[in-house]
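S.K.: In full-length UniProt numbering, the protein residues as written are 1 to 676.
Cβ atoms here follow ideal geometry from the backbone N, Cα and C, with glycine treated the same way.
Sharing a structure here in structure tokens format.
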């Protein structure tokens with residue numbers, strides 16, 4: 001087994017065309033941060049590399065939609081993303097961006113190296129072209145129906161519904177995202193990376209040498225390799241990105257999936273002049289944290305690029321998670337169906353660790369999982385507050401109450417004491433095993449068993465009762481409880497860094513490194529500080545506000561996508577003239593008993609006073625509409641509703657959300673006026 005002397009950890013680069021949401025966090029950034037924090041606590045040489053992906057078509061589409069430049073878009077969202085990560089505690093050693101000068105230089109140099117070695121194949125092929133827009137269409141400028149799952153909103157490079165990687169020509173009924181027109185095929189020249197050339201190497205490297213990779217990663221790679229690899233274009237016809245640095249490539253840039261992973265290299269260069277030892281030394285280990293939609297790029301394409309260049313190491317592991325859904329629906333940036341990190345930080349101040357805990361405890365490690373606000377509340381209240389927080393608070397409060405906040409000296413240990421303390425190294429070892437194999441959900445579950453152990457220990461020993469008869473025994477009980485609390489401040493730090501720091505403040509202690517975890521971290525006589533609550537309960541109204549926010553988003557999406565009801569069949573003019581519509585004034589209104597929707601209205605039509613039953617009770621209160629002028633269909637045949645004869649119909653306009661509004665004159669007119 002290779003002995004690694006340093007570790008390079010990269011995280012997928014988020015597109016700088018929108019903020020970061022909980023799906024990004026659960027899939028990539030929280031697990032990467034947990035792993036790196038753990039490695040640092042062990043004293044390992046480890047770098048966490050991140051940055052914003054600022055090229056590609058999604059950026060240009062956003063810019064066109066907002067009427068600003070692509071640079072304006074990436075500047076705005078890069079700053080939002082970077083600030084959110086910092087406040088959330090994602091401990092990047094460097095968070096860079098692909099629009100930077102150092103990245104453009106690095107990507108240019110990488111392409112030229114491969115070009116000069118003859119690694120690319122130049123091919124002229126037919127590509128979709130929008131004649132009205134007078135431009136070739138990059139992948140994301142083409143939409144159509146996915147040939148696999150029939151999703152009608154698939155892109156030219158990928159279907160986000162089923163996750164299948166596509167070519168634009170695979171789409172059924174392809175359309176230009178710019179004009180909506182059906183594009184034509186037109187010849188253009190591009191540079192291709194011959195993936196088929198590296199297929200034997202990739203098969204050996206992945207299928208034989210990395211069987212320890214997670215099943216979802218290994219399985220997707222095997223599927224690609226079994227189906228055979230084909231040359232893939234690494235350039236695009238576009239005016240935003242890293243220009244292709246060869247003659248005859250005007251108006252072409254590096255394909256974002258060639259350019260973006262080189263961002264890991266340029267970010268490392270930005271961080272340290274010793275960057276090459278992390279990227280090229282055989283005793284360095286590289287780990288990519290990604291979502292499942294990025295597996296092929298990090299396990300097939302980027303390794304082929306590195307192999308073609310010849311001087312770089314390949315990733316040792318690519319721990320990829322599945323997707324996190326939100327309240328039973330797929331998270332979607334375009335539909336605003338997400339919990340955005342920057343908004344969470346504003347609406348839940350000082351609760352970074354609550355979200356970190358919930359996302360880790362519910363991590364989509366082996367299958368897609370669902371985030372719900374009710375589960376968020378339950379895990380906070382029933383686990384963080386009731387177990388972890390409750391144990392620490394009781395231990396510290398009792399120490400202040402009985403011994404003035406001084407750590408008491410432990411006396412002779414009972415068998416139960418010894419059994420409890422013996423669990424600490426077992427729990428620690430189990431956490432290590434799970435962290436080192438990228439099972440973060442299980443690692444957190446194991447770490448929480450220490451808090452459960454502490455809670456059970458206090459409940460079983462009952463120091464609040466024993467103090468009446470045996471103060472020496474209580475000293476031992478609270479000493480052990482405080483040692484467990486100190487251990488929690490270390491073992492929980494990778495998962496809950498803000499909580500660990502807060503707990504150390506309560507215990508008035510310095511940080512304990514991973515290797516130094518023992519059951520006697522706090523010496524007898526050590527003064528601890530007065531505790532506050534480690535976590536606070538989250539109330540129902542706070543959660544309901546978030547649920548209501550999502551419901552408003554869902555309604556807004558429905559309104560935006562609502563299509564008007566088709567026009568009914570034509571009628572002749574004579575049929576229309578048979579309708580007698582007049583302006584009437586509502587003089588009385590009351591709810592119809594035992595119904596939700598019906599109001600009984602008395603209407604002065606200028607001809608008579610008549611009763612009309614109308615299904616508007618969910619939209620108007622009776623007292624609100626007295627004196628309201630409305631349009632009445634006078635010659636509708638009377639009918640009985642709930643025993644009341646209704647003599648006409650009030651005309652209403654129905655909005656896309658089902659809301660009703662009266663069809664009324666813009667100014668007062670005489671009752672009985674005809675509507676023509």
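If we call anything under 9 angstroms between Cβ atoms a contact, is residue 240 one with residue 55?
M.R.: A distance below 9 angstroms separates the beta carbons of residue 240 and residue 55.
S.K.: Closest to residue 380 by C-alpha separation, out of 117, 92, 535 and 444, would be which residue?
M.R.: 535
S.K.: Around the C-beta of residue 634, are 16 or more other C-beta atoms found within 10 angstroms, so that it is buried, or is it exposed?
M.R.: Under a 10 Å Cβ-count criterion, residue 634 is classified as buried, with 16 or more other Cβ atoms of the shown protein chains found around its own Cβ.
S.K.: Three or more C-beta pairs under 8 angstroms: does that hold for the region 281 to 291 against the region 82 to 98?
M.R.: no
S.K.: Can you check whether the CB of residue 440 is closer than 9 angstroms to the CB of residue 679?
M.R.: There is no way to answer for residue 679, as the model of the chain reaches only from 1 to 676.
S.K.: Terminal residues of the continuous alpha helix (DSSP H) containing residue 202?
M.R.: 199 to 202
S.K.: According to DSSP, residue 14 sits in a beta bridge with which residue or residues?
M.R.: For residue 14, which the question treats as bridged, DSSP gives no partner whatsoever.
S.K.: Closest to residue 596 by C-alpha separation, out of 625, 642 and 551, would be which residue?
M.R.: For residue 596, the nearest C-alpha among the options comes from 642.
S.K.: What residues in its chain sit with their C-beta under 7 angstroms from that of residue 605, if we drop five residues either side in the sequence?
M.R.: 582, 584, 632, 634, 671 and 672
S.K.: From which residue to which residue does the alpha helix (DSSP H) around residue 489 run?
M.R.: Following the DSSP letters along the chain, one finds residue 489 inside the alpha helix (DSSP H) bounded by residues 471 to 491.
S.K.: For residue 484 and residue 454, which I take to be in contact (beta-carbon distance under 8 angstroms), what is that distance rounded to the nearest angstrom?
M.R.: Right, their Cβ atoms sit about 4 angstroms apart.
S.K.: Could you say which of 127, 205, 148 and 165 lies nearest to residue 182 if we only look at CA atoms?
M.R.: 127
S.K.: Spell out the partners DSSP gives residue 527 in its beta bridges.
M.R.: Bridge partners of residue 527: 406.
S.K.: Near residue 503, which residues of its chain fall below 6 angstroms by C-beta distance, leaving aside the five closest residues on each side in sequence?
M.R.: 489
S.K.: In three-state DSSP terms, what is residue 509?
M.R.: In the structure shown, residue 509 sits in coil (DSSP, three-state: anything other than H, G, I, E or B).
S.K.: Decide if residue 515 is buried, meaning its Cβ has at least 16 other Cβ atoms within 10 Å, or exposed.
M.R.: Of the other Cβ atoms in all chains shown, fewer than 16 fall within 10 Å of the Cβ of residue 515; this residue is therefore exposed.
S.K.: Which residues in the same chain as residue 610 place their Cβ atom closer than 7 angstroms to its Cβ, once the five residues preceding and following it in sequence are excluded?
M.R.: 603, 647 and 648
S.K.: Looking only at C-alpha atoms, which of 517, 136, 497 and 312 sits nearest to residue 428?
M.R.: Checked all of 517, 136, 497 and 312; the closest Cα to residue 428 is 517.
S.K.: Round the Cβ separation of residue 231 and residue 193 to the nearest angstrom and send it over; I've been treating them as touching at under 8 angstroms.
M.R.: 7 angstroms
S.K.: Can the beta-carbon of residue 547 be found less than 9 angstroms from the beta-carbon of residue 347?
M.R.: no
S.K.: Taking contact to mean at least 3 C-beta pairs separated by less than 8 angstroms, is the region 364 to 372 in contact with the region 321 to 337?
M.R.: yes
S.K.: Between the alpha carbons of residue 318 and residue 436, how many angstroms are there, rounded?
M.R.: Cα-Cα distance, rounded: 13 angstroms.
S.K.: Do residue 301 and residue 373 have their C-beta atoms closer together than 9 angstroms?
M.R.: no
S.K.: Just to confirm, are residue 187 and residue 125 a CB contact at a threshold of 9 angstroms?
M.R.: Going by C-beta atoms, residue 187 is nearer than 9 angstroms to residue 125.
S.K.: Could you say if the region 334 to 348 and the region 301 to 315 meet the contact criterion of at least three C-beta pairs nearer than 8 angstroms?
M.R.: no
S.K.: Can you look up residue 191 in the DSSP assignment and give me helix, strand or coil?
M.R.: strand
S.K.: Quick one: using the 10 Å Cβ neighbour count with 16 as the cut-off for buried, is residue 391 buried or exposed?
M.R.: buried
S.K.: Taking 7 angstroms as the limit between beta carbons, can you name the residues of its chain near residue 527, skipping five residues before and five after?
M.R.: 405, 406 and 508
S.K.: Mind checking which residues open and close the beta strand (DSSP E) that includes residue 599?
M.R.: 599 to 604
S.K.: For the candidate residues 3, 265, 218 and 523, whose alpha-carbon lies nearest to that of residue 677?
M.R.: Residue 677 lies beyond the residue range present for the chain, which begins at 1 and ends at 676; the question has no answer from this structure.
S.K.: Spell out the partners DSSP gives residue 629 in its beta bridges.
M.R.: According to DSSP, residue 629 bridges with 585.
S.K.: Check whether the region 195 to 202 touches the region 161 to 171, counting contact only when three or more Cβ pairs, one atom from each stretch, lie closer than 8 angstroms.
M.R.: no
S.K.: Can you tell me whether DSSP reads residue 441 as helix, strand or coil?
M.R.: helix
S.K.: Beta carbon of residue 6, beta carbon of residue 46: below 9 angstroms?
M.R.: The criterion of a C-beta distance shorter than 9 angstroms is satisfied by residue 6 and residue 46.
S.K.: Just mark residue 577 as buried or exposed, buried being the case when its beta carbon has 16 or more other beta carbons within 10 Å.
M.R.: Residue 577 is exposed by the Cβ-count criterion.
S.K.: Any chance you could list the alpha helix (DSSP H) runs of at least 4 consecutive residues sitting entirely within the region 245 to 276, in chain order?
M.R.: Entirely contained in the region 245 to 276, the alpha helix (DSSP H) runs reaching 4 residues are, in chain order, 256 to 271.
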